[in-house]
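Respectively, the protein sequence lines represent chains A and B. To convert, take the position in the first sequence, counting from 1, and add 41; that gives this note's numbering. To convert, take the position in the second sequence, counting from 1, and add 1; that gives this note's numbering. Cβ coordinates follow ideal geometry from the N, Cα and C atoms, glycine included.
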Amino acid sequence: MIAQTLDNLLYGFSVALVPHNLMWSFFGVLIGNLIGVLPGMGALSAIAMLLPLTYTMHAVPALMMLAGIFYGSQYGGAIGAILLNLPSHPPHAVTCIDGYPLTKKGKGGTALGVAMIASFFAASCGIVVMIVASPLLVKVAFEFGPTEIFAIMLLGLVAGATMSRGSAIKGVAMTAFGLLLGITGTDVNSGVPRFTFGFVELQDKVELVALAMGLFGVADFLKNVNRLRYVGNETNVRLRDMRPTAKELRQSFFPMVRGTLVGTLFGAMPGTGPTITSFLAYALERKVSKNPEKFGKGAIEGVASPEAATHSKVQVDFIPTMSLGIPGDATMALLLGALVIQGYQPGPQLITEHADLFWGLIASFWIGNVLLLILNVPMIGIWVKMLQVPYRFMYPCALFFIAVGVYSTNNSLFEVGEVLAFGLIGAILLALEFPVATILLGYVLGPMVEENFRRALLLSRGDLLTFFERPFSCAFMCMSILLVAAQIFFAWRGARRKQAAHSLKEIPSISQAAAADE
Amino acid sequence: MKEHLLHKDFMGGVLMFAIGTAVSVNSATFDIGTLSQMGPGFFPLVLGLVLTVVGIVLAIEGSTSSQDASEKREKEHSPEWKAWALISIGILSFVVLARFAGLLIATFSIVFISALGDRDNTWRSAALLTIVMVAVSVVVFWWALKIQLPLLAWGNV
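Next up, the structure:
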């Protein structure tokens, strides 16, 4: 078993080290890194924009590039968060809390160094977990029928909806909306076109790239135009500042390990995004710390732990995505979409049937992380300069790239129109504070959820209890129910607390209102 | 100002309720089927109902906590109708012009029109940016990547 795995891994390295593949991997991490530094442009928009480029490529380099963008942007996000207090990528919002104070103290270089070491360490651990766990999971997964698949997907959706940022009920709304978008088009079982509004182009389905670009590109521009002027300010980081001292390394070692553990645990659970993971890691670190008052004023632990958590989470996230075909979050959903576009059916058979893709990808993760480590050290100065590009020049160019990129997906101008429609929808939803990323998760899972739900109930002759009769499925269903129950409990408790607080504040608020009336 | 008391959650709830009901009503026109033999309308109907219920809950939640909303409002920016309109028109112009006038003109219009949405962009800076992008468009997309659009066209394609 172990020898077999090692053998596979070596094979993977041989695939990933082919110059052509290596080049695309490098290109991916470079672009990802760049885009991660730019605010308002996360991994999602980067992958969405470069997705059309991969159509003509072979699947292995294509996936390597897209995955490279993904974790490259994670590294980039840390740079923006620490040096400029800009959480360009939500998971790094928590890194700002301690990273930016460190920069103000003149220790920004050290913080970056620790963040990079922590990321690299965590990613390496995540990769090892992935190597060990994926084949095991695949063994189990072969036993899964539609009932189990539906139960896991439901768990992923429930977790994604309730644990995203902001209100859980809005998450549920967005998930349902995403599922609806996913099943738009011709019903596979009966051939009936659904929700096409009379457009022939919609009978196929809503285009993934158009949806992603609309929701994460155009919607963002609409939100930020005239509100975001420039991006960064001047900061200088020299290479020799980046080497942490032995004391700082010792200080950040255990937080790093704990962060990695948190990330690995949550990575295995579909639907929990990296944001929640990094916040949890930070909270844990403050709990176990001997002097929690240091946090928020520049504690190096507060940088090491959440960074480690997001990176291990990101790597472990690939396990359910690749071996079960169930994406952990919106970015994974997009990667899964890319895989499907390439003609691969994600699922347990992927690892055995397309060993070059799977093991090559794993090896490329590691190579990509090494590349990032080397790349980031000399490039940070350049990234910081990039942040000085004014927004008023950036967004028109980005709009053009989006339009051309979407057009070249299927040579369809209708889909460019789709981008505008989803951009407007996304902007409205953003303004109403809905978590739009959940839409994408729902969209990708939509057809699969419906298909498996139908099949499971066909097999059980319409008995809904079938989801609780099979052990695996029952376990997943119970977890979903638990999640919902916990959410309702917290909401109820929160409402009660608010009420208590309100009754205390009643008098001043009334007088304020009265004052406003006059 | 009564409008200011409307909570975002209330509006969001109403929106979700509207979408949910529309979807449910529309799904009912398809064959719904039974649990063991689901028709094309079953799954969308369930989702539509979920959205409707969620919308109602959200709207109730929002309308009961409207007090905080008016306080939060003050921090918000004023609407940017001009910029929003120009960005939308820019994309639309690309859709239309790419078909009837070719890539070059379409690139020109999407970059130029949307760039004017930013108050700090003057006619000159927008034009300069546009010229750079048109060059990129021609060299990278038309010449190198061979995009399936004519560079210049007149009328029908």
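Looking at the DSSP output, R235/A shares a beta bridge with G226/A.
For N267/A, no alpha helix (DSSP H) segment is defined, and its DSSP state is neither H nor E. Rounded to whole angstroms, the separation of the alpha carbons of A350/A and F162/A is 10 Å. A straight line joining the alpha-carbon of S364/A with that of W400/A spans about 12 Å.
Annotation: Q115/A to D121/B spans about 31 Å, alpha carbon to alpha carbon. Per DSSP, M194/A is one residue of the alpha helix (DSSP H) stretching across 187 to 203. In this structure, the CA atom of G49/B is about 12 Å from the CA atom of T216/A.
Residue-level contact by beta carbon fails for I522/A and chain B, as no gap is shorter than 8 Å. In this structure, F109/B places its C-beta atom within 8 Å of the C-beta atom of V135/B.
Our two residues, S353/A and A60/B, have alpha carbons roughly 39 Å apart in a direct line. For L505/A, the nearest beta carbon of chain B is closer than 8 Å to its own beta carbon. The DSSP-derived three-state label of M39/B is strand.
Assignment of G34/B by DSSP, reduced to helix, strand and coil, places it in the strand class. Measuring C-alpha to C-alpha distances from E326/A to each of F509/A, G487/A, P347/A identifies P347/A as the nearest. Check the Cα spacing between L222/A and each of D504/A, L482/A, R495/A, F508/A: the tightest is with L482/A.
CA-to-CA, the gap between V101/A and S319/A works out to about 30 Å. Per the coordinates, the alpha-carbon of G255/A lies some 22 Å from the alpha-carbon of M12/B. DSSP, read as helix, strand or coil, puts Q383/A in coil. By the rule that beta-carbons nearer than 8 Å mark a contact, A154/B does not touch chain A. Separation of T144/A and N62/A (C-alpha to C-alpha, rounded to the nearest whole angstrom) is 37 Å. In the structure shown, the three-state DSSP call for W155/B is coil. Here the alpha carbon of F113/B sits roughly 9 Å from the alpha carbon of L129/B. Of all residues in the stretch 88 to 121 of chain B, only I88, S89, G91, I92, L93, F95, V96, A99, R100, T108, I111, V112, S115, A116, G118, D119, R120, D121 place a beta-carbon less than 7 Å from a beta-carbon of chain A.
Taking every protein chain shown into account, the CB of F494/A has 16 or more other CB atoms within 10 angstroms, so this residue is buried. Counting the other Cβ atoms within 10 Å of the Cβ of T507/A gives 16 or more, which makes it buried. A check of alpha carbon separations from A84/A across G69/A, Y96/A, T97/A identifies G69/A as the nearest.
Exposed is the label assigned to R268/A, since fewer than 16 other Cβ atoms lie within 10 Å of its Cβ. Selection T22/B, S115/B, K83/B evaluated against I57/B yields T22/B as nearest (Cα-Cα). In summary, Q149/B is exposed, with fewer than 16 beta-carbon neighbours lying within 10 Å of its beta-carbon over all protein chains present.
Among the CB atoms of chain B, none fall inside 8 Å of the CB of L365/A. Annotation: the continuous alpha helix (DSSP H) that includes G487/A extends over 478 to 500. Against chain B, the CB of I529/A has no partner CB under 8 Å away; the residue lies outside that interface. A straight-line Cα-Cα distance of about 17 Å links I392/A and G378/A. Look at T97/A here: in three-state DSSP terms it is coil, with no helix or strand label.
Nearest CB-CB separation between D261/A and chain B: not below the 8 Å threshold.
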